[in-house]
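J.: Starting off with a structure, shown below.
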Amino acid sequence: MINRRTFSKAVGLGTGAAAVSPSGLQANASAATASSTQGGTSVPTVPTITPGTHTEFRTIRHVKAGLLNIGYAEAGPAHGPVVLLLHGWPYDIHSYVDVAPLLADQDYRVIVPYLRGHGSTRFLSRHTRRTAEQSAIALDIIALMDALKIHKAVLAGFDWGSRTADIISALWPERVKALVSTSGYLITNVKTQLEPALPAVEHNWWYQWYFATERGKKAMENEKERIALCRYVWTLVSPNWNFDDATYARTAEAFTNPDYAAIVLYNYRWRIGLIEGEQRYDRYEKLLAAQPSIGVPTVTLDAALDPFTLAGDGSTYRNHFTGPYAHRTIADIGHNLPQEAPTVFAQAVVDADHL
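Right under this line is the structure:
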């Protein structure tokens with residue numbers, strides 16, 4: 219999930235700008251886009267749909283890219299401007315099952331990949347170490363873009379997906395047309411993660427400390443226990459989201475990937491400095507430790523009920539974004555923002571593309 223150091227800075231701050239409801243934001247967006255133009259063209263308004271309108275992607279495709287055979291869903295015209303939607307933990311591509319068709323209807327080519335260790339994505343070699351440094355996941359997405367001959371795309375994500383999109387925007391801005399980053403700037407500096415955070419922050423990161431233990435490792439390596447644990451996380455971080463068994467089951471299928479436990483455990487243990495990363499990624503991690511700025515056009519989103527988003531107005535990370543920028547706080551929505559508020563998320567993508 220998100221960067222606990224950024225969250226630590228937010229604890230105790232006021233909420234800043236008032237949060238708006240998904241319906242309210244949509245109304246505001248409609249009013250704004252009706253009169254705004256970019257190069258003489260008005261910004262499209264995404265129609266409002268009920269979350270859960272769609273339940274499945276029609277087909278899952280696969281492509282060899284870098285170290286992986288990546289499974290991904292695709293929607294929209296083959297030659298449309300590309301949007302890459304990146305999921306987080308403990309989620310999968312179904313976080314975007316409503317967002318993708320909304321963007322496809324706006325003539326975007328929408329690509330939604332399973333991250334390494336998730337769903338139908340597989341390592342090409344059994345000899346490749348199952349690591350999950352932040353830069354490794356970003357390089358997976360660069361490799362996917364290369365394999366699909368996508369030079370430039372709008373990147374949008376939440377959780378691990380936000381971090382990955384932030385990294386690509388910072389290190390390879392020439393590949394990014396625009397960015398939507400839920401929870402703002404999530405690039406991790408492992409050294410700062412070694413310092414204790416405020417008690418409320420440490421409390422919210424209980425699963426990270428759990429994964430650092432042998433007991434937590436055993437739970438993640440047991441398929442039944444990991445699926446139960448991930449469902450419990452959903453209830454904590456999205457308190458207003460009344461998802462049903464079928465909705466969770468569709469995503470939980472992605473957690474049966476044979477590399478799932480190894481990837482999740484590695485990511486969280488690496489992030490708090492318990493294990494060393496692979497040498498091949500050291501140069502990228504050195505760059506990321508410097509907390510590079512992001513200059514591409516960006517919309518940041520904060521979900522007001524996400525326990526990792528206390529500041530509410532984006533002020534704790536605003537200085538990291540140096541290009542055209544907009545921020546929105548979404549009331550009554552939790553951590554899985556694209557699945558809980560798909561119209562809001564899709565509109566943010568369209569708006570970012572027109573900044």
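Residue numbering for the sequence shown follows my numbering, beginning at 219 and increasing consecutively.
Glycine is no exception: its CB is placed at the ideal position from the N, C-alpha and C atoms.
Source: prediction; values computed, not measured.
(1) Under three-state DSSP, which class holds I267?
(2) Is V554 buried or exposed, if buried means 16 or more other CB atoms sit within 10 Å of its CB?
(3) Using the Cα positions of F275 and T465, report the straight-line distance between them to the nearest angstrom.
(4) What does DSSP give as the partner residues of H545 in its beta bridges?
(5) Would you list the residues sitting across from R279 in a DSSP beta bridge?
(6) Is I329 helix, strand or coil by DSSP?
(7) Tell me the rounded alpha-carbon separation between I512 and H538.
(8) Identify whether L389 lies in helix, strand or coil by the three-state DSSP scheme.
(9) Counting along the chain, where does the alpha helix (DSSP H) carrying S353 start and finish?
(10) Can you list, in chain order, the residues of its chain whose CB lies under 8 Å from that of E496, leaving out five sequence neighbours each side?
(11) Quick test of the definition: if touching needs 3 or more C-beta pairs under 8 Å, does the segment 295-304 touch the segment 371-385?
(12) Three or more C-beta pairs under 8 Å: does that hold for the segment 270-287 against the segment 432-442?
(13) Can you tell me the Cα-Cα spacing of Q411 and I288, whole angstroms?
(14) Nearest CA to the CA of R327: which residue from T469, H297, D384 and E503?
(15) What residue does the alpha helix (DSSP H) around T469 start on, and which one ends it?
(16) Please name the residue, chosen from G270, L321, P319 and L362, that lies closest to T339 on a Cα-to-Cα basis.
(17) Taking 7 Å as the limit between beta carbons, can you name the residues of its chain near L321, skipping five residues before and five after?
(18) Tell me which same chain residues have a C-beta within less than 6 Å of the C-beta of N422, skipping the five on either side of it?
(19) For the beta strand (DSSP E) that I371 lies in, which residues bound it at each end?
(20) Give me the Cβ distance between K395 and D571, rounded to the nearest whole Å; I'm assuming they're in contact under 8 Å.
(21) Does DSSP classify S248 as helix, strand or coil?
(22) Can you tell me where the beta strand (DSSP E) holding T453 begins and where it ends?
(23) What would DSSP say about L302, mapped onto helix, strand or coil?
(24) Thinking C-alpha only, which one of N460, D310 and R536 is nearest G402?
(25) Taking the alpha carbon of W424 as the point to measure from, which residue in R487, R501, L366 and R468 has its own alpha carbon closest?
(26) With three or more C-beta pairs closer than 8 Å as the rule, is the segment 490-507 touching the segment 468-475?
(27) Given a threshold of 16 other Cβ atoms within 10 Å of its Cβ, counted over all protein chains shown, does A247 qualify as buried or as exposed?
(28) Report the three-state DSSP secondary structure of L397 (helix, strand or coil).
(29) Report buried or exposed for Y450, applying the criterion of at least 16 other Cβ atoms within 10 angstroms of its Cβ.
T.: Let me lay it out:
(1) As a working mapping, residue 267 is identified with position 49 in the sequence shown. If DSSP states are grouped into helix, strand and coil, I267 belongs with coil.
(2) The residue you call residue 554 lines up with position 336 of the sequence shown. The sequence shown places Asn at residue 554, rather than the Val named in the question. With 16 or more other Cβ atoms within 10 Å, it is buried.
(3) Counted from its first residue, the sequence shown places residue 275 at position 57. Counted from its first residue, the sequence shown places residue 465 at position 247. Taking the straight line joining both Cα atoms gives about 13 Å.
(4) Here residue 545 corresponds to residue number 327 of the sequence shown, with the count starting at 1. Partner(s): T518.
(5) In the sequence shown, counting from the first residue as 1, residue 279 sits at position 61. Paired residues: Y290.
(6) Along the sequence shown, one-based indexing puts residue 329 at 111. Strand.
(7) To locate residue 512, count along the sequence shown from 1; it is residue 294. To locate residue 538, count along the sequence shown from 1; it is residue 320. Approximately 6 Å between the Cα atoms of the pair.
(8) Numbered from its first residue, the sequence shown carries residue 389 at position 171. The answer is helix: DSSP assigns L389 an H, G or I state.
(9) Counting from 1 along the sequence shown, the entry for residue 353 is found at position 135. Run containing S353: Q352 to A365, per the alpha helix (DSSP H) assignment.
(10) Position 278 of the sequence shown, counting from 1, holds the residue named residue 496. For E496, where only same-chain residues beyond five positions count, the Cβ hits under 8 Å are R347, T349, E351 and A354.
(11) yes
(12) no
(13) The residue given as residue 411 occupies position 193 in the sequence shown. The residue given as residue 288 occupies position 70 in the sequence shown. Cα to Cα, Q411 sits roughly 30 Å from I288.
(14) On the sequence shown, residue 327 is found 109 positions in, with the first residue counted as 1. Answer by Cα proximity: H297.
(15) Position 251 of the sequence shown, counting from 1, holds the residue named residue 469. Here the alpha helix (DSSP H) through T469 covers D463 to A470.
(16) In the sequence shown, residue 339 corresponds to position 121, counting from 1. Measuring from the Cα of T339, the nearest candidate turns out to be L362.
(17) Locating residue 321 in the sequence shown gives position 103, where the first residue counts as 1. The residues are G294, V301, V328, A564 and V567.
(18) Counted from its first residue, the sequence shown places residue 422 at position 204. For N422, where only same-chain residues beyond five positions count, the Cβ hits under 6 Å are P525.
(19) Here residue 371 corresponds to residue number 153 of the sequence shown, with the count starting at 1. Position check: residue 371 holds Ala in this sequence, whereas Ile was assumed. Looking at the DSSP string, the run of the beta strand (DSSP E) that includes A371 is A371 to G375.
(20) Translated into the one-based positions of the sequence shown, residue 395 becomes position 177. Translated into the one-based positions of the sequence shown, residue 571 becomes position 353. Right, their Cβ atoms sit about 7 Å apart.
(21) Locating residue 248 in the sequence shown gives position 30, counting from the first residue. Here S248 scores only 34 on pLDDT, less than 50, and its place in the model should not be relied on; the value that follows carries that caveat. Of the three classes helix, strand and coil, the one that applies to S248 here is helix, per DSSP.
(22) Looking up residue 453 in the sequence shown gives position 235. That residue, T453, is in no beta strand (DSSP E); its alpha helix (DSSP H) goes E441 to V455.
(23) Numbered from its first residue, the sequence shown carries residue 302 at position 84. Here L302 sits in strand by DSSP.
(24) Residue 402 sits at position 184 when you count from the first residue of the sequence shown. The shortest C-alpha separation from G402 is found at R536.
(25) As a first step, residue 424 is located in the sequence shown; it is residue number 206 there, counting from the start. Nearest of R487, R501, L366 and R468 to W424, Cα basis: R487.
(26) no
(27) Here the question's residue 247 lines up with position 29 in the sequence shown. Since pLDDT at A247 reaches only 38, below the 50 mark, its modelled position is unreliable, and the value read off the structure follows with that caveat. Buried, since its Cβ has 16 or more Cβ neighbours within 10 Å.
(28) The count along the sequence shown starts at 1 and reaches residue 397 at position 179. Looking at L397 - three-state DSSP - the assignment turns out to be strand.
(29) Translated into positions along the sequence shown, residue 450 becomes position 232. Y450 is exposed by the Cβ-count criterion.
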